[in-house]
Amino acid sequence: MNPSLDWAAGEMTSTADDLSRFLDALLGGRPTSPAALAAMRTTRPTGSLFAYGLGLQRFDLPCGRSAWGHGGELVGYLIYALRDDDGERAVLSYDPLPGGVPGESLATLFSTVYCP
2 MNPSLDWAAG EMTSTADDLS RFLDALLGGR PTSPAALAAM RTTRPTGSLF AYGLGLQRFD
62 LPCGRSAWGH GGELVGYLIY ALRDDDGERA VLSYDPLPGG VPGESLATLF STVYCP
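Our numbering applies: residue 2 is where the sequence shown begins, and numbers increase by one.
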């Protein structure tokens with residue numbers, strides 16, 4: 002399959018380690034300014050699992066923690082890379098199953114990872 006069929010959603014190929022290092026750098030204030038990172042973290046509710054800032058999503062967990070990152074979709078796959086402010090991270094690829102509700106499954110998975 003050629004991932005370019007999904008425009009920008011399919012144009013980035015990366016490893017879990019690459020995504021982890023990028024989130025560490027971004028949420029640690031590199032490669033952007035503190036003001037730009039603050040603007041990215043200023044979120045608005047979306048009516049879904051995530052609040053959305055300037056290119057950065059926040060997932061509020063039931064245990065009071067928040068995870069930051071972004072997701073993407075490509076023909077049958079829903080991919081998220083998340084990190085919390087303490088440096089824990091979950092980089093995962095999720096394939097929604099027919100008949101399931103992907104949002105509910107993601108909420109359960111994120112809660113299991115971040116709120117043991």
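Virtual Cβ for every residue (Gly too), placed ideally from N, Cα, C.
**Request:** Assuming G70 contacts A82 (C-beta within less than 8 Å), just tell me the rounded distance between them.
**Result:** Counted from its first residue, the sequence shown places residue 70 at position 69. Counted from its first residue, the sequence shown places residue 82 at position 81. Under the criterion of beta carbons closer than 8 Å, G70 and A82 qualify as touching, at roughly 5 Å.
**Request:** Just the C-alpha distance for S34 and D19, rounded to the nearest angstrom, thanks.
**Result:** The sequence position of residue 34 within the sequence shown is 33, counting from 1. The sequence position of residue 19 within the sequence shown is 18, counting from 1. Between the alpha carbons of S34 and D19 lies a gap of roughly 21 Å.
**Asked** Considering D61, what are the terminal residues of the beta strand (DSSP E) in which it resides?
**Response** For the purposes of this step, residue 61 is taken as residue 60 along the sequence shown, with counting starting at 1. Counting along the chain, D61 sits inside the beta strand (DSSP E) bounded by residues 58-61.
**Request:** Express the C-alpha separation of I80 and S106 in angstroms, rounding to a whole number.
**Result:** Start at 1 with the first residue of the sequence shown, and residue 106 comes out as number 105. Start at 1 with the first residue of the sequence shown, and residue 80 comes out as number 79. Separation of S106 and I80 (C-alpha to C-alpha, rounded to the nearest whole angstrom) is 13 Å.
**Item:** Under the three-state DSSP convention, the category D86 falls into
**Value:** Numbered from its first residue, the sequence shown carries residue 86 at position 85. D86 falls in the coil class under three-state DSSP.
**Item:** Inter-residue spacing [alpha-carbon to alpha-carbon] between D87 and F111
**Value:** Taking the sequence shown and counting its residues from 1, one reaches residue 87 at position 86. Taking the sequence shown and counting its residues from 1, one reaches residue 111 at position 110. If I take the Cα positions, the gap works out to 15 Å.
**Asked** In whole angstroms, what is the alpha-carbon distance linking C64 and T14?
**Response** Start at 1 with the first residue of the sequence shown, and residue 64 comes out as number 63. Start at 1 with the first residue of the sequence shown, and residue 14 comes out as number 13. Cα atoms of C64 and T14: separation of roughly 32 Å, rounded to the nearest angstrom.
**Request:** Return the residue from the list G56, T47, Y115, P117 that minimises the CA-CA distance to A40.
**Result:** Taking the sequence shown and counting its residues from 1, one reaches residue 40 at position 39. Ranked by Cα distance from A40, the options G56, T47, Y115, P117 are led by G56.
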